[in-house]
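Asker: First the structure, then my questions, so here it is.
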Amino acid sequence: MNYRMIAYLSGLIILILAGFMLLPLLVAVIYAEQSGLTFLWTVLAAAAAGGLLTLLKPRNKAMYAREGFVITALGWIIISLIGAAPFTLSGQIPNYLDAVFETASGFTTTGASILTDIEALDKCMLFWRSLTHWLGGMGILVFMLALVNLSGGQGNHLLRAESPGPSVGKMVPNLRKSSIILYGIYVVMTLAEVILLLAGGMPLFDSLCHAFGTAGTGGFSIKAASIGYYDSYYLQGVIAVFMVLFGVNFNFWFFLLMRKFSAAFGMSEVKTYLGIILCATAAITLNIAGAFSTLFDALHHAFFAVSSVITTTGFATVDFDKWPQLSRVILVLLMIVGACAGSTGGGVKVSRMLIVFKSGIYEIRKLLHPRSVKVLTMDGKAVGPDTVRGIHNYLVVYFAVTVASVLLVSLDNYDLVTTFTAVEATLNNIGPGLALVGP
1 MNYRMIAYLS
11 GLIILILAGF
21 MLLPLLVAVI
31 YAEQSGLTFL
41 WTVLAAAAAG
51 GLLTLLKPRN
61 KAMYAREGFV
71 ITALGWIIIS
81 LIGAAPFTLS
91 GQIPNYLDAV
101 FETASGFTTT
111 GASILTDIEA
121 LDKCMLFWRS
131 LTHWLGGMGI
141 LVFMLALVNL
151 SGGQGNHLLR
161 AESPGPSVGK
171 MVPNLRKSSI
181 ILYGIYVVMT
191 LAEVILLLAG
201 GMPLFDSLCH
211 AFGTAGTGGF
221 SIKAASIGYY
231 DSYYLQGVIA
241 VFMVLFGVNF
251 NFWFFLLMRK
261 FSAAFGMSEV
271 KTYLGIILCA
281 TAAITLNIAG
291 AFSTLFDALH
301 HAFFAVSSVI
311 TTTGFATVDF
321 DKWPQLSRVI
331 LVLLMIVGAC
341 AGSTGGGVKV
351 SRMLIVFKSG
361 IYEIRKLLHP
371 RSVKVLTMDG
381 KAVGPDTVRG
391 IHNYLVVYFA
401 VTVASVLLVS
411 LDNYDLVTTF
421 TAVEATLNNI
431 GPGLALVGP
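So this is what it looks like as structure tokens:
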């Protein structure tokens, strides 16, 4: 294990985090909030720690898969522990463990919260809380790869450990350029949403915070009523559409950017993802139609809920926990499926589900026609046995963690719906579940 390389890259992560923490400090200056000083002290301490770690430049720069996974896991822990400091130092979240929960929920774009009065927080704290979503959505490691020119093998191990999905590839031969393209698309889409929200009359501060939550598919709102606070079909519609867009594999946007339209629109994962959204929205609309004054109202709220849950964002316009059982079951299934690989969304991922489904059909055909020669393909490319085995291993671990977590949470003696959906909502980075952990 190359410990010095791990320490060096951890230092870079801390320095990047310190740089981003200057933004809520600026917000505190704008709104003249004394609590903003805690960001200054945290930035200074983080910069000192990160600077010391980066001074230990490794002589051996070799890095393999194990280093990549250690740096990724350690990075998430470090940024959560440091990012929680301003909340506790300012007294806005007095209990440090609560602050770590809130910050970890932000960086992992889960959106679960311990806060009972969100609107009581200062604006600089609300801004930082939402910004953690935006940073966590694309990943600080991807941002680091865009800044630091690591050799291809080193960067690949980091990108593979960080990227959500069964496989990861570079958009262009240079890994640094790939990371820059990813963040470029991410920034442009975020700015586009901010502009559209401003056009609908949402204040700039609110627009930025909700765009951060949408882009990172995190779901932290600055209002207790979430997006339901904004009684506007336009604003809710913009956020719903952008939730869907950020749940699309970013390779799709890259192909469009490069004018490779056939490659973009031929992606079976994206087509399946959009098909699931359409079918789920239609089924829920029909199921809840009687609860709304018009069919359009039912369609609007059904589409928003489906978009929010499948992309694992967690925003809400109404309390979908009060909907009929069929709608609630569909939403729970969408929690598990999740968004596309290579997106900012969570969940198991549509591509994994597709490959598992195709793998099942492939095995059945082999049983029925043992002499036939068939190759498992996706988008015209062969899916190797290593990829299929990796997905099966992932699902085994996913199932084991789910079972263990449900058993642990059940010690609190809550009902089964609360217990199970609380686990699924956090494991899949959604935020709200059903019953006592509903929206």
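In this text, residue positions in the sequence shown follow the working numbering: the first is 1, and each later residue adds one.
The beta carbon of each residue, even a glycine, is placed where N, CA and C say it ideally should be.
Report all residues from its chain with a CB closer than 6 Å to the CB of residue 375; omit the five preceding and five following residues, and keep chain order.
Answerer: 382.
Asker: Flag this pair as yes or no: are the beta carbons of residue 334 and residue 318 separated by less than 7 Å?
Answerer: No, the Cβ-Cβ distance between residue 334 and residue 318 is not below 7 Å.
Asker: Please report the Cβ distance between residue 329 and residue 424, rounded to the nearest whole angstrom; I am assuming they are in contact, meaning their Cβ atoms lie under 8 Å.
Answerer: Not a contact, Cβ separation roughly 12 Å.
Asker: Once DSSP output is grouped into helix, strand and coil, what is the label at residue 382?
Answerer: Of the three classes helix, strand and coil, the one that applies to residue 382 here is strand, per DSSP.
Asker: If we count the other Cβ atoms within 10 Å of its Cβ and call it buried at 16 or more, is residue 5 buried or exposed?
Answerer: When all chains shown are included, residue 5 counts as buried.
Asker: Tell me where the alpha helix (DSSP H) around residue 424 begins and ends.
Answerer: Counting along the chain, the alpha helix (DSSP H) containing residue 424 begins and ends at 416–427.
Asker: Please confirm whether residue 428 and residue 314 have their CB atoms less than 7 Å apart.
Answerer: Taking 7 Å as the Cβ cut-off, residue 428 and residue 314 do not qualify as a contacting pair.
Asker: Which residue from 86, 352, 403, 357 puts its Cα closest to that of residue 43?
Answerer: Comparing Cα-Cα distances from residue 43 to each of 86, 352, 403, 357, the minimum goes to 86.
Asker: Determine the DSSP secondary structure at residue 377, reduced to helix, strand or coil.
Answerer: Three-state result, residue 377: strand.
Asker: Please go through the same chain and pick out, in chain order, the residues whose beta-carbon is closer than 7 Å to the beta-carbon of residue 18, but skip the five residues on each side of it.
Answerer: Cβ neighbours of residue 18 beyond the five flanking positions: 43, 46, 47, 50.
Asker: Compute the distance between the beta-carbons of residue 348 and residue 361, then report whether it is under 7 Å.
Answerer: Their beta carbons are not under 7 Å apart, which means residue 348 does not touch residue 361 by this criterion.
Asker: By the 10 Å Cβ neighbour count, where 16 or more other Cβ atoms means buried, how is residue 389 classified, buried or exposed?
Answerer: It counts as exposed.
Asker: Given residue 107, which residues of its chain have a CB within under 6 Å of its CB, disregarding the five upstream and five downstream residues?
Answerer: Hits under 6 Å: 79, 80, 132, 136.
Asker: Under a Cβ-count criterion, where at least 16 other Cβ atoms within 10 Å of its own Cβ denotes burial, should residue 258 be classed as buried or exposed?
Answerer: Exposed is the call here.
Asker: Using C-beta distances below 6 Å, list every residue in its chain close to residue 321, excluding the 5 sequence neighbours before and after it, in chain order.
Answerer: Excluding residues within five positions, the ones whose Cβ falls inside 6 Å are 434, 438.
Asker: Residue 340 and residue 247 look like a contact to me (Cβ under 8 Å); what is the Cβ gap, rounded to whole Å?
Answerer: About 6 Å; that satisfies the 8 Å criterion.
Asker: Just the C-alpha distance for residue 191 and residue 185, rounded to the nearest angstrom, thanks.
Answerer: C-alpha separation (whole angstroms): 10 Å.
Asker: CB-CB under 7 Å to residue 379, same chain, minus the five flanking residues each way: which ones, in chain order?
Answerer: Result list for residue 379: 266, 267, 268, in chain order.
Asker: May I ask you to report which of helix, strand or coil DSSP gives residue 81?
Answerer: Helix.
Asker: Could you give the DSSP three-state label for residue 233: helix, strand or coil?
Answerer: Helix.
Asker: Would you call the CB atoms of residue 214 and residue 243 closer than 7 Å?
Answerer: It is a contact, given that the beta carbons lie within the stated cut-off.
Asker: Tell me whether the beta-carbon of residue 90 lies closer than 7 Å to the beta-carbon of residue 130.
Answerer: In this structure, residue 130 does not lie closer than 7 Å to residue 90 by Cβ.
Asker: Under 7 Å Cβ to Cβ from residue 371, same chain only, skipping five residues before and after it: list those, please.
Answerer: Cβ neighbours of residue 371 beyond the five flanking positions: none.
Asker: Going straight from the alpha carbon of residue 395 to that of residue 238, what length do you get?
Answerer: Their backbone Cα atoms lie some 34 Å apart in a straight line.
Asker: Please specify which runs of the beta strand (DSSP E), each continuous and at least 3 residues long, are wholly inside the region 199–272, giving them in chain order.
Answerer: As far as the region 199–272 is concerned, it has no whole beta strand (DSSP E) run of at least 3 residues.
Asker: Does residue 102 pass the burial test, meaning 16 or more other C-beta atoms within 10 Å, or should it be called exposed?
Answerer: Buried is the call here.
Asker: What does a CB cutoff of less than 8 Å around residue 83 pick up in its chain, not counting 5 residues either side in sequence?
Answerer: Excluding sequence neighbours, residue 83 sits near 17, 21, 103, 106, 107, 128, 132.
Asker: Helix, strand or coil for residue 124 per DSSP?
Answerer: Looking at residue 124 - three-state DSSP - the assignment turns out to be helix.
Asker: Can you tell me where the alpha helix (DSSP H) holding residue 10 begins and where it ends?
Answerer: Start and end: 3–20.
Asker: Can you give me the C-alpha to C-alpha distance between residue 203 and residue 346, rounded to a whole angstrom?
Answerer: Cα to Cα, residue 203 sits roughly 29 Å from residue 346.
Asker: Going by DSSP, what residue range makes up the alpha helix (DSSP H) through residue 39?
Answerer: Run containing residue 39: 37–55, per the alpha helix (DSSP H) assignment.
Asker: For residue 67, does the three-state DSSP call read helix, strand or coil?
Answerer: Residue 67 falls in the helix class under three-state DSSP.
Asker: How is the alpha helix (DSSP H) around residue 309 delimited, first residue to last?
Answerer: Residues 295–310.
Asker: I'd like to check one pair, residue 312 with residue 430: are the Cβ atoms closer than 7 Å?
Answerer: Yes, Cβ-Cβ distance for residue 430 and residue 312 is below 7 Å.
Asker: Can you name the start and end residues of the alpha helix (DSSP H) that residue 322 belongs to?
Answerer: Per DSSP, residue 322 belongs to no alpha helix (DSSP H) and is neither H nor E.
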